[in-house]
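A.B. asks: Residue 232 is where the sequence shown starts when you use my numbering, and the numbers rise one by one after that.
The C-beta atom is built at its ideal place from N, Cα and C for all residues, glycine as well.
Please read these numbers as outputs of a predicted model, since none were measured by experiment.
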Amino acid sequence: MILSTQTLQEQFKSFYQEQQPKNFEDALEKFAIFGGVEWAPMDTSKPTMELIEKLVFPDYTYIRNDVSEVTTGMPMYHTVLTGIAMGDGRTHTAFKRAGVAGEVGIKAVEALCESGIIRLAPSRKVFTSWSEHSVVADKLYFTSPFLRFWFAFISPLFKGIRDGDYKEVRERFANRESEFIQLPFVQLSQELLKLENASDPIVECDSYWDEELEIDIYAKTASGKIIAGACKYTNAKVKKSELIKLQEKCAKASIAADVFVLFSKAGYSNELKALKGENLKLYTIKNFKKLVE
Numbered sequence: 232m233i234l235s236t237q238t239l240q241e242q243f244k245s246f247y248q249e250q251q252p253k254n255f256e257d258a259l260e261k262f263a264i265f266g267g268v269e270w271a272p273m274d275t276s277k278p279t280m281e282l283i284e285k286l287v288f289p290d291y292t293y294i295r296n297d298v299s300e301v302t303t304g305m306p307m308y309h310t311v312l313t314g315i316a317m318g319d320g321r322t323h324t325a326f327k328r329a330g331v332a333g334e335v336g337i338k339a340v341e342a343l344c345e346s347g348i349i350r351l352a353p354s355r356k357v358f359t360s361w362s363e364h365s366v367v368a369d370k371l372y373f374t375s376p377f378l379r380f381w382f383a384f385i386s387p388l389f390k391g392i393r394d395g396d397y398k399e400v401r402e403r404f405a406n407r408e409s410e411f412i413q414l415p416f417v418q419l420s421q422e423l424l425k426l427e428n429a430s431d432p433i434v435e436c437d438s439y440w441d442e443e444l445e446i447d448i449y450a451k452t453a454s455g456k457i458i459a460g461a462c463k464y465t466n467a468k469v470k471k472s473e474l475i476k477l478q479e480k481c482a483k484a485s486i487a488a489d490v491f492v493l494f495s496k497a498g499y500s501n502e503l504k505a506l507k508g509e510n511l512k513l514y515t516i517k518n519f520k521k522l523v524e
């Protein structure tokens, strides 16, 4: 089934249980591509492109037909979906990439949200005027990682894939793999944060964005606490400068955060670890274990 009805955390847990990756780095990197769809057992320690060539390319025609059943196969819908997958998710960015007018794009988004392939999220910015609201676009998210991957790397390059020429796909994926993984890392970090706050449940959790900046995590708890966070999926340890940058963003956005949280692939500097406490929580990808328990 190409369209998942599970939450992102449920999809991640299912993928982890089915594929049994050796570590959470492999789990995340393969989930970012294959998540939301059932696959035969794969060796998640292998390079992602090798798995794409083994699992996706040979069955391209069958998968394309399954995807088209969900999207109705309308070329304009596919163009808009590629605009979403390749950009920052904001509606105006997606429409610009797709080369469609705002009204046309909005109608396409309404139909695609109705189909369940994407969902729309409004900005968390508090607006003081309608004109200000019109500047800050809503964001669009795919409901499963595989569909996002499909419209980023497969659908727009279908001619080469159909003809057995994978060069362009390989090049695009090599250039964009790292940044492509960032979004599911942020989204799963948000899910982990919800689980970590069982004693003071989180009632709202998403990213924050306005016309000038973006914050990976913006959450509110039942008691009214504001949590702001940043997620860094890089091979370098996160330093104190990242915390300062997050605090500066909050100040600029007039967000009075009670707690700051950081999520890192590679850990933290000793200077930053020394600051850990009630008002600063530090997580690494190893903490993702809680998502699959």
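With a threshold of 16 other CB atoms inside 10 Å of the CB of Ala505, please say whether the residue is buried or exposed.
C.D. replies: So Ala505 ends up on the exposed side.
A.B. asks: Within the chosen definition, does the stretch 461-477 reach the stretch 383-393 through at least 3 CB pairs nearer than 8 Å?
C.D. replies: These segments do not touch.
A.B. asks: Which same chain residues, not among the five before or five after Ser346, have their C-beta less than 6 Å away from its C-beta?
C.D. replies: Excluding positions up to five away in sequence, the list reads Val301.
A.B. asks: Which same chain residues end up closer than 8 Å to Lys338 when comparing Cβ atoms and leaving out the 5 residues on each side of it in sequence?
C.D. replies: Taken in chain order, the list of residues that qualify is empty.
A.B. asks: Are the stretch 413-430 and the stretch 447-466 in contact at 8 Å, needing three or more beta carbon pairs?
C.D. replies: Enough Cβ pairs lie closer than 8 Å, so yes.
A.B. asks: Which ranges would you report for the alpha helix (DSSP H) in the stretch 356-442 if only whole runs of at least 4 residues count?
C.D. replies: Counting whole runs of 4 or more residues, the stretch 356-442 contains the alpha helix (DSSP H) stretches 361-366, 376-380, 389-393 and 398-427.
A.B. asks: What residues are listed by DSSP as bridge partners for Ser495?
C.D. replies: In DSSP, Ser495 forms a bridge with Lys463 and Thr515.
A.B. asks: Suppose contacts are defined by Cβ-Cβ distances below 7 Å. Is Lys244 in contact with Val523 by that definition?
C.D. replies: A contact, by the Cβ cut-off of 7 Å.
A.B. asks: Rounded to the nearest angstrom, how far is the Cβ of Leu234 from that of Glu422, given a contact under 8 Å?
C.D. replies: That pair is no contact at about 20 Å.
A.B. asks: Measuring CA to CA, which of Asn428, Arg393 and Met280 is closest to Arg295?
C.D. replies: When only C-alpha atoms are compared, the closest one is Arg393.
A.B. asks: Between which two residues does the alpha helix (DSSP H) carrying Asp297 extend?
C.D. replies: Segment Tyr291 to Thr302, the alpha helix (DSSP H) holding Asp297.
A.B. asks: Do Ile457 and Asp489 have their beta-carbon atoms positioned less than 7 Å apart in this structure?
C.D. replies: Going by C-beta atoms, Asp489 is nearer than 7 Å to Ile457.
A.B. asks: In the structure shown, what three-state DSSP assignment does Trp282 receive?
C.D. replies: The sequence as given places Leu at residue 282; Trp does not occur at that position. DSSP places Leu282 in helix when its eight states are reduced to three.
A.B. asks: May I have the straight-line CA-CA distance separating Pro289 from Leu371, to the nearest angstrom?
C.D. replies: Cα to Cα, Pro289 sits roughly 30 Å from Leu371.
A.B. asks: Can you give the Cα-Cα distance for Ala368 and Ser375, rounded to whole angstroms?
C.D. replies: One C-alpha to the other measures close to 22 Å.
A.B. asks: Tell me where the beta strand (DSSP E) around Lys244 begins and ends.
C.D. replies: Where Lys244 is concerned, there is no enclosing beta strand (DSSP E), although the alpha helix (DSSP H) it sits in stretches over Leu239 to Gln250.
A.B. asks: Measuring CB to CB, does Lys425 end up less than 7 Å from Glu435?
C.D. replies: In this structure, Glu435 does not lie closer than 7 Å to Lys425 by Cβ.
A.B. asks: Does the distance from the CB of Ala329 to the CB of Thr310 come in under 7 Å?
C.D. replies: A contact, by the Cβ cut-off of 7 Å.
A.B. asks: State the Cα-Cα distance for the pair Lys463 and Glu410, rounded to the nearest angstrom.
C.D. replies: Rounded to the nearest angstrom, the two C-alpha atoms are 10 Å apart.
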